[in-house]
Structure formats: C-alpha cells, structure tokens
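Visitor: The opening residue of the sequence shown carries number 331 in the numbering used here; numbering runs sequentially from there. Below is one structure. I have some questions about it.
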Amino acid sequence: MSDGNFNRALLPSTPYRSGVRMGQQQTKAKAIESLRLALEQAEPPLSEEQTDTIVKNFELILNS
C-alpha cells in the first residue's frame with residue numbers, strides 16, 4: 331500500500347509542463363534576438379565582437 335510518497339520523476343510528462351518549458355525557451359530566444367537587433371541599431375555602432383560579448387553575457391544571465 332502506498333504511503334503517498336513517490337518519486338514524481340517517474341510520472342509521465344504532462345502537456346502543461348512541457349508547454350511551459352517550450353514557452354520559456356521561446357521567450358529566451360526572442361529576448362536574445364531582440365537584444366542583438368537593438369545592439370545592431372545602436373549609435374554609435376558597436377563592433378561585432380562587442381555585440382557578441384554583450385549577447386553572451388545576457389544569455390548567461392538568462393540561464394542562471
């Protein structure tokens with residue numbers, strides 16, 4: 331007889347949870363692309379190396 335304590339990792343994935351994860355990934359991708367576009371239109375223009383460095387740092391912040 332179960333005491334109610336079980337490992338939730340053994341339960342099947344629900345569409346809700348996987349939908350939330352997919353939405354989070356899409357939001358991060360849109361944020362990164364928006365930042366890149368904004369940096370490309372910056373005045374004075376940034377070099378490609380500066381833009382890449384800023385975007386990489388932004389990705390690290392989003393993933394932490």
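The beta carbon of each residue, even a glycine, is placed where N, CA and C say it ideally should be. Because the structure is a prediction, the values reported are computed rather than measured.
Terminal residues of the continuous alpha helix (DSSP H) containing Thr383?
Guide: 378–393
Visitor: At the level of alpha carbons, what is the spacing between Thr383 and Ala359?
Guide: 16 Å
Visitor: Quick check on DSSP: helix, strand or coil for Gln371?
Guide: coil
Visitor: Rank Gly349, Gln380, Gly353 by C-alpha distance to the C-alpha of Leu365 and give the top, closest one.
Guide: Ranking the options by Cα distance to Leu365, first place goes to Gln380.
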